[in-house]
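Numbered according to the working numbering, the sequence shown terminates at residue 150, and the numbering increases by one at each position without gaps.
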Amino acid sequence: MTLKERLTADTTAALKAGRKDEVASLRYIAAAIKQREVDERRTLEDTDVLAVLGKLLKQHEESIAQFRQAGREELVRREEAETDLLRRYLPTPLTGTEIDRLIEETIASLGGAGAPRMGDVMNVLRGKLLGRADMREVSARVKARLGG
3 MTLKERLTAD TTAALKAGRK DEVASLRYIA AAIKQREVDE RRTLEDTDVL
53 AVLGKLLKQH EESIAQFRQA GREELVRREE AETDLLRRYL PTPLTGTEID
103 RLIEETIASL GGAGAPRMGD VMNVLRGKLL GRADMREVSA RVKARLGG
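Take a look at the structure:
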């Protein structure tokens, strides 16, 4: 079952169970996926859907920080509920040690280190870590490892 099929099935189940907030969140996710499909004029694969979910998660996390700073706890709770829902569809995040191990393996497989290899290393890691790690953090770790 693809992620899109799972989202559709979960939306139907939430509708039947009368969970209105969950239905609204799932429809919001489906709309974001559909919008990207329309923009790119193609059907998204699971990796593309993961990228959309990761982007939505990041947006919600930023909103939580802003609402918390403004003292809007009711909005914080709503955003946290949506982030919990998004996390159900994302793979389990990797630990820092696991990320470092993948970085080392990737550098070794590419046959060398050095700042000029950063783009190559990141291209390989992006496919392996999509939805499982914050790519900004990964980039910083790769840069530190390559000495750039």
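No residue lacks a Cβ here, since even glycine has one placed at the ideal position from N, Cα and C.
Just so we're clear, the structure is a prediction, and the values are computed from it rather than from any experiment.
*Assuming G133 and L52 form a contact by the criterion Cβ under 8 angstroms, report the distance between their Cβ atoms to the nearest whole angstrom.*
Reading the sequence shown from its first residue, position 131 is the one you call residue 133. Reading the sequence shown from its first residue, position 50 is the one you call residue 52. So it is a contact: roughly 4 angstroms between Cβ atoms.
*What's the C-alpha gap between E106 and P95?*
Indexing the sequence shown from 1 puts residue 106 at position 104. Indexing the sequence shown from 1 puts residue 95 at position 93. Each residue's Cα considered, the two are about 18 angstroms apart.
*Would you call A135 buried or exposed, if buried means 16 or more other Cβ atoms sit within 10 Å of its Cβ?*
As a first step, residue 135 is located in the sequence shown; it is residue number 133 there, counting from the start. When all chains shown are included, A135 counts as buried.
*Integer Cβ distance of V123 from I101, believed to fall under 8 angstroms*: Looking up residue 123 in the sequence shown gives position 121. Looking up residue 101 in the sequence shown gives position 99. Going by Cβ atoms, the distance from V123 to I101 rounds to 12 angstroms, so no, they are not a contact pair.
*DSSP state of L9, grouped into three classes?*
Walking along the sequence shown from the start, residue 9 turns up at place 7. Helix.
*A33 burial status per 10 Å Cβ neighbour count (16 or more: buried)*: As a working mapping, residue 33 is identified with position 31 in the sequence shown. Its Cβ having fewer than 16 others within 10 Å, A33 is exposed.
*asked:* Going by DSSP in three states, D136 sits in which element: helix, strand or coil?
replied: Reading the sequence shown from its first residue, position 134 is the one you call residue 136. If DSSP states are grouped into helix, strand and coil, D136 belongs with coil.
*Contact set for D48: own chain, Cβ-Cβ below 7 angstroms, skip 5 residues either direction*: Residue 48 sits at position 46 when you count from the first residue of the sequence shown. T4, L5.
*Whole-angstrom Cβ separation of E84 and H62, contact assumed at under 8 angstroms?*
Numbered from its first residue, the sequence shown carries residue 84 at position 82. Numbered from its first residue, the sequence shown carries residue 62 at position 60. The pair is a contact, with the Cβ atoms about 5 angstroms apart (cut-off 8 angstroms).
*Reference V25; option with closest CA among I31, T13, I35, A19*: In the sequence shown, the residue the question calls residue 25 occupies position 23. Nearest of I31, T13, I35, A19 to V25, Cα basis: T13.
_I66 and V78 - do their beta-carbons sit closer together than 8 angstroms?_
Locating residue 78 in the sequence shown gives position 76, where the first residue counts as 1. Locating residue 66 in the sequence shown gives position 64, where the first residue counts as 1. Yes.
*E47 in three-state terms, based on DSSP*: Walking along the sequence shown from the start, residue 47 turns up at place 45. Note: E47 maps to coil in three-state DSSP.
*If we ignore side chains and look at the alpha-carbon of each, how far apart do L58 and G73 end up?*
In the sequence shown, counting from the first residue as 1, residue 58 sits at position 56. In the sequence shown, counting from the first residue as 1, residue 73 sits at position 71. Roughly 22 angstroms between the two C-alpha positions.
_Tell me which residue opens and which closes the alpha helix (DSSP H) that G98 is part of._
As a working mapping, residue 98 is identified with position 96 in the sequence shown. 98 to 112 is the span of the alpha helix (DSSP H), which, as asked, contains G98.
*Spatial distance of E76 from L88 (CA atoms)*: Taking the first residue of the sequence shown as position 1, residue 76 is located at position 74. Taking the first residue of the sequence shown as position 1, residue 88 is located at position 86. Rounded to whole angstroms, E76 to L88 spans 19 angstroms at the Cα level.
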